[in-house]
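Shown next, in structure tokens, is the structure this report addresses.
Protein chains: 2
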Amino acid sequence: MKSLNIGIIGFGTVGCGVFETLKSFNEITVKKIAVKNINKKRNIENFDNSLLTDNPYEIVNNPDIDVIVEVAGGINPIFDVLKTAINNGKHIVTANKELLAKKGSELFSLAKEKNTVILYEAAVAGGIPIIMPIKTILCANKITKIAAILNGTTNYILTKMAEQELSYETALKQAQELGYAETDPTGDVEGFDASYKISILSTISFNKRIDINKIYREGITKITPQDIKSAKELGYKIKLIAMGRVLDDGKIDVRVHPMLVAKKHLLAKVNNATNSIMLSGYPVGDLVFTGAGAGAEPTSSSVVGDLLVLASELEITNSPLPQSICTHNETAEQIDIGDTYNDYYISITTSNNPGTIGIIGTICGKNNINISTIMQKGINKDNTAEIVVLTETSKESDVQNALKELIQSESIKNINNLLRVMN
Amino acid sequence: MKSLNIGIIGFGTVGCGVFETLKSFNEITVKKIAVKNINKKRNIENFDNSLLTDNPYEIVNNPDIDVIVEVAGGINPIFDVLKTAINNGKHIVTANKELLAKKGSELFSLAKEKNTVILYEAAVAGGIPIIMPIKTILCANKITKIAAILNGTTNYILTKMAEQELSYETALKQAQELGYAETDPTGDVEGFDASYKISILSTISFNKRIDINKIYREGITKITPQDIKSAKELGYKIKLIAMGRVLDDGKIDVRVHPMLVAKKHLLAKVNNATNSIMLSGYPVGDLVFTGAGAGAEPTSSSVVGDLLVLASELEITNSPLPQSICTHNETAEQIDIGDTYNDYYISITTSNNPGTIGIIGTICGKNNINISTIMQKGINKDNTAEIVVLTETSKESDVQNALKELIQSESIKNINNLLRVMN
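Note that the protein sequences, when read in sequence, are chains A and B. So in my numbering, the last spot in the first sequence is 423, and the numbers never skip. So in my numbering, the last spot in the second sequence is 423, and the numbers never skip.
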């Protein structure tokens, strides 16, 4: 294996995990680490403070460094820092999903031009091997669908809501106390993090560049204990699902939203902070990859794995292997959520009148929606009723139109939630 | 990607699947196919019969052929045929688990000497990517444990026995009618197939050569509907588990036997002919890979994946990459089943006397076995009783001694089954 000198940018949980894991691999030497505050006490035994710099450009302009490990995250200043690194002929190993989702196209084009590689196993699903398998051993496949749990924080919150019958707010607070959720949880709970990851996965799976701004995204903040209870009674669990599909006409459907997942589905069985990716392709059929989606140790497995594979390749040749180079020049034609077809769960508060079910049925029928189940969930003190509707496969825009009509009706007090269903 | 000329040895289900899948990849040309009977009608559209030969040596001695795809199976004549191929400088892609388990050491040494590679993703778990991920992206890990369902036939039979309350014989017959089991099912139901696969997986995971003859192996033919029913009542499913572990002293424990798997365990949720591999390592933690473990299409994904990765590497360099070469020169010190520690399920037929439970408890205690559950399952017409015992973690040799003592007792009519338990 070729000896590599590396520089690490970012020295938080993941950076420290990578540093610790690298201690077992003599062929990789950490030359320099860029941090925000070089005076902060580091919780690493016998740590040599002279490794630190607060100037990342000192690393990417250092001619002794072969590979940049970027675990800092964010766009600024990292985008410019990594462009400088690539312009200087350095290879990149990164865990930065936001950067790849938003600026990947530009970075990969530059890397191709400069004959360097960008590896990013750690950017999606932490320790789960998925990027390299798709690019290597699965490359005979035409992948047509991915459905995945890619965010541990939201899966933890939804698991606790279901197991302990907690409200969203209480479960979020527990997750924050345990370090599963950040003080500002927006990136996780509103689905941004999952949307970056599904954007990356869809790009390499479908061989087309995905526009992150065209990914439909909906978080878990509106899920109520009542939704979870109703789902359970109907034989489902609620999960935040990141999904990518190639439609028959070649258009691409990529989105992130909560779904009712049938209990028999393998993704329904993935609990707490665990991640899981189901991939469907031809000829391989359905595969499911499950493991820890975050954390210092699992993530360091992917970062150091990328580094060791790169060192192994560089021992033999200075040319990047074809499978390490981005070849996705074609842009995906992404469809709007309104044009997708789904099964739906609709939770409605109605007045408790005899004709209400008839009104719901009529409005759905008029909008081409076949109802498969309609369930009254009990009468409230104010003589309103909670009604849950499950539909057969319907067009999203039809469902949205039906909801607009329903809310006009005097019998309908509120549309509490609309969720899509995976059977 | 480099254009490759290949020869295929074996043209059954998998061979035909590979041939069909390769039609999408112009860079790989099938030059010749070795079959047993060149006159047999092939169920492939526009098939060119002149591709066929009944002499595999015609392929491995053909200087125009770069890579041999071997999907024939068995040791003779394949071992000699592939040695000839390697001596002629050809690379090998094989699905032959028996050959690798029994003769891998010799083949890999020869390949290393001749600077050729042997790839075998298809030999373990069909379409599930596991061999290449372990050798590449997971290579930063110290893998300490594998627990897997590696045989689809037995998993299908056990699933049907549980779901439809069938006897082993009836479920086997159904599996045979559906093509999931062969006319002579021995290789599957007695655990030989799973033992070859866990031998290969353990070798690459623990970096030590495994002696297939030292793998403890027990099939599923003795599992009764009563065992499955008792397991269910206790919160378990019965699965044929292939397991490999590194013990604290560096010794290796590799075995194949049926186990009671706790229902909450992800492996308990893998049904029908599906395969699943749980791998535990540091720093990655636990990973689970699930998918189709057999069949023409999934297996062809792995065979063609190996071919395309090889073609990609050969475009850049004629030297095999370090991760494609076998480096397992050290032989594992495998422990005897008698020296392993497990939790146990013991099914016993006793006479229906008041003192029987006391006798079982006393004999277990004398042999250092702590009982965690003891359950009488009902009285038979001949006034015997069925008793099920669950133990805490105990040494196998102690358990075997206890069984010998138990059967001496007048109250104990029969030891019906002894199964190990995974919680």
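Glycine is no exception: its CB is placed at the ideal position from the N, C-alpha and C atoms.
Problem set entry | Three-pair Cβ contact test at 8 Å for the stretch 92-110 of chain B versus the stretch 100-117 of chain A | no
For this session: Using 10 angstroms around the beta-carbon of B:P77, count the other beta-carbons present and answer buried if the total reaches 16, otherwise exposed.
Result: Here residue 77 of chain B refers to the residue found at position 77 of the second sequence. Answer is exposed; the Cβ neighbour count stays below 16.
Exercise. Do you know offhand how far A:N318's Cα is from A:V18's?
Worked result: Along the first sequence, one-based indexing puts residue 318 of chain A at 318. Along the first sequence, one-based indexing puts residue 18 of chain A at 18. Using only the alpha carbons, I get a separation of about 25 Å.
For this session: Per DSSP, which residues does B:S394 bridge with? Please list them.
Result: As a first step, residue 394 of chain B must be located in the second sequence, where it is residue number 394. Bridge partners of B:S394: B:N342.
For this session: Would you mind working out which of B:V304, B:F192, B:K251 and B:K83 sits nearest B:R217, comparing C-alpha positions?
Result: Here residue 217 of chain B refers to the residue found at position 217 when the second sequence is read from its first residue. Considering only alpha carbons, the answer is B:F192.
Exercise. Is the Cβ-Cβ distance between A:A125 and A:G12 less than 7 Å?
Worked result: In the first sequence, counting from the first residue as 1, residue 125 of chain A sits at position 125. In the first sequence, counting from the first residue as 1, residue 12 of chain A sits at position 12. Not in contact: A:A125 and A:G12 (Cβ atoms no closer than 7 Å).
For this session: Please go through the same chain and pick out, in chain order, the residues whose beta-carbon is closer than 6 Å to the beta-carbon of A:A385, but skip the five residues on each side of it.
Result: Position 385 of the first sequence, counted from the first residue, corresponds to residue 385 of chain A. The answer, listed in chain order, is T350, N352, Q376 and I379.
For this session: For B:F429, return the contacting residues in chain A, with the cut-off set at a CB-CB distance below 7 Å.
Result: Since the displayed chain B opens at 1 and closes at 423, residue 429 of chain B lies outside it and no answer follows.
Exercise. Closer than 7 Å, CB to CB, is B:L51 near chain A or not?
Worked result: Against the second sequence, residue 51 of chain B aligns to sequence position 51. No, because no Cβ of chain A sits closer than 7 Å to the Cβ of B:L51.
For this session: Taking A:C139 as the query, report the chain B residues whose CB atoms sit under 9 Å from its CB, ordered along the chain.
Result: Taking the first sequence and counting its residues from 1, the one referred to as residue 139 of chain A is at position 139. Going along chain B in sequence order, the residues near A:C139 (Cβ under 9 Å) are V304, G305, L308, V309 and S312.
Problem set entry | Selected residue, minimal CA-CA separation from A:I8, among A:A175, A:T153, A:L51 and A:N88 | One-based indexing of the first sequence puts residue 8 of chain A at position 8. The option with the nearest alpha carbon to A:I8 is A:L51.
Exercise. Hey, is B:A171's beta-carbon within less than 7 Å of any beta-carbon in chain A?
Worked result: Locating residue 171 of chain B in the second sequence gives position 171, counting from the first residue. B:A171 does not count as touching chain A.
Exercise. Given 8 Å as the limit, is there contact between the stretch 300-313 of chain A and the stretch 111-127 of chain A, that is, 3 or more CB pairs closer than that?
Worked result: yes
Problem set entry | B:N342 burial status per 10 Å Cβ neighbour count (16 or more: buried) | Mapped onto the second sequence, residue 342 of chain B falls at position 342. When all chains shown are included, B:N342 counts as buried.
Problem set entry | Own chain, CB closer than 6 Å to A:E396, minus 5 neighbours either side, in chain order | On the first sequence, residue 396 of chain A is found 396 positions in, with the first residue counted as 1. Counting only Cβ-Cβ distances below 6 Å, and skipping sequence neighbours, we find I337, G338 and T340.
Exercise. Do B:V309 and A:T274 have their CB atoms nearer than 7 Å?
Worked result: Numbered from its first residue, the second sequence carries residue 309 of chain B at position 309. Numbered from its first residue, the first sequence carries residue 274 of chain A at position 274. No. Outside cutoff.
Exercise. What's the C-alpha gap between A:L240 and B:S167?
Worked result: Within the first sequence, numbered from 1, the residue matching residue 240 of chain A stands at position 240. Within the second sequence, numbered from 1, the residue matching residue 167 of chain B stands at position 167. Their backbone Cα atoms lie some 41 Å apart in a straight line.
For this session: Could you tell me whether any non-hydrogen atom of the ligand MN is closer than 6 Å to the CB of A:P77?
Result: Ligands in the displayed structure: none, and consequently the ligand MN is not present.
Problem set entry | Secondary structure of A:K197, DSSP reduced to three states | Position 197 of the first sequence, counting from 1, holds the residue named residue 197 of chain A. A:K197: helix per DSSP, three-state reduction.
Problem set entry | Nearest to B:I143 (by Cα), restricted to the options B:T183, B:K173 and B:L201 | Residue 143 of chain B sits at position 143 when you count from the first residue of the second sequence. Among B:T183, B:K173 and B:L201, the Cα nearest to that of B:I143 is on B:L201.
For this session: Report buried or exposed for A:Q334, applying the criterion of at least 16 other Cβ atoms within 10 angstroms of its Cβ.
Result: The residue given as residue 334 of chain A occupies position 334 in the first sequence. Per the 10 Å Cβ criterion, buried.
Exercise. Which whole-angstrom value is the C-beta distance of A:L406 and A:L418, which I expect to be below 8 Å?
Worked result: For the purposes of this step, residue 406 of chain A is taken as residue 406 along the first sequence, with counting starting at 1. For the purposes of this step, residue 418 of chain A is taken as residue 418 along the first sequence, with counting starting at 1. Between A:L418 and A:L406 the Cβ distance is about 11 Å, and since that is not below 8 Å, they are no contact.
Exercise. What do you reckon, are the CB atoms on A:I415 and A:I348 nearer than 7 Å?
Worked result: Numbered from 1 along the first sequence, position 415 holds the residue referred to as residue 415 of chain A. Numbered from 1 along the first sequence, position 348 holds the residue referred to as residue 348 of chain A. Yes, these two residues count as a Cβ contact at 7 Å.
Exercise. Residue ranges of each beta strand (DSSP E) run of no fewer than 3 residues wholly in the stretch 77-108 of chain A, ordered along the chain?
Worked result: 91-94
For this session: For B:A450, go through chain A and note every residue whose CB falls closer than 7 Å to its CB, in chain order.
Result: Nothing can be reported for residue 450 of chain B, as the shown portion of chain B is limited to 1 through 423.
Exercise. Are any of the Cβ atoms in chain A nearer than 7 Å to that of B:L150?
Worked result: Within the second sequence, residue 150 of chain B is the residue found at index 150, counting from 1. Cβ-Cβ to chain A under 7 Å: no for B:L150.
Problem set entry | Own chain residues within Cβ distance below 8 Å of B:V270, not counting five before or after | Within the second sequence, the letter at position 270 stands for residue 270 of chain B. Excluding sequence neighbours, B:V270 sits near I149, N155, K239, S276 and T290.
For this session: Assuming A:E190 contacts A:G219 (C-beta within less than 8 Å), just tell me the rounded distance between them.
Result: Stepping through the first sequence from its first residue, residue 190 of chain A is reached at position 190. Stepping through the first sequence from its first residue, residue 219 of chain A is reached at position 219. 4 Å between Cβ atoms; contact.
For this session: Leaving aside the five residues before and after A:G72 along the sequence, list all residues of the same chain whose C-beta is less than 6 Å from its C-beta, in chain order.
Result: Residue numbering aside, residue 72 of chain A sits at position 72 when the first sequence is read from its first letter. The residue you asked about is not Gly; residue 72 of chain A is Ala in the sequence shown. Only I9, G10 and I78 meet the Cβ criterion.
For this session: Identify the contact partners of A:S319 in chain B, using a Cβ-Cβ distance below 7 Å as the criterion.
Result: Translated into the one-based positions of the first sequence, residue 319 of chain A becomes position 319. Here the neighbours are I316.
Exercise. Under 7 Å between C-beta atoms, does A:T136 make it to chain B?
Worked result: If you number the first sequence from 1, residue 136 of chain A lands on position 136. Chain B contact via Cβ: present.
Exercise. Count the other CB atoms within 10 Å of the CB of A:G281; is the residue buried (16 or more) or exposed (fewer)?
Worked result: Your numbering for residue 281 of chain A matches position 281 in the first sequence. Buried.
Exercise. Are the C-beta atoms of A:G235 and some chain B residue less than 7 Å apart?
Worked result: Here residue 235 of chain A is taken as the residue at index 235 of the first sequence, counted from 1. A:G235 does not count as touching chain B.
Exercise. Do B:L260 and B:Y344 come within 7 Å of each other at the CB atom, strictly closer than that value?
Worked result: Within the second sequence, numbered from 1, the residue matching residue 344 of chain B stands at position 344. Within the second sequence, numbered from 1, the residue matching residue 260 of chain B stands at position 260. No, the pair does not count as a contact, with Cβ atoms beyond the cut-off.
Exercise. Where does the unbroken alpha helix (DSSP H) through A:V189 begin, and where does it stop?
Worked result: Stepping through the first sequence from its first residue, residue 189 of chain A is reached at position 189. T186 to V189 is the span of the alpha helix (DSSP H), which, as asked, contains A:V189.
Exercise. Given that A:S3 touches chain B, what residues does it touch there, using C-beta distances under 7 Å?
Worked result: On the first sequence, position 3 is the one that residue 3 of chain A refers to. What A:S3 touches in chain B: nothing, since even the nearest Cβ is about 13 Å away.
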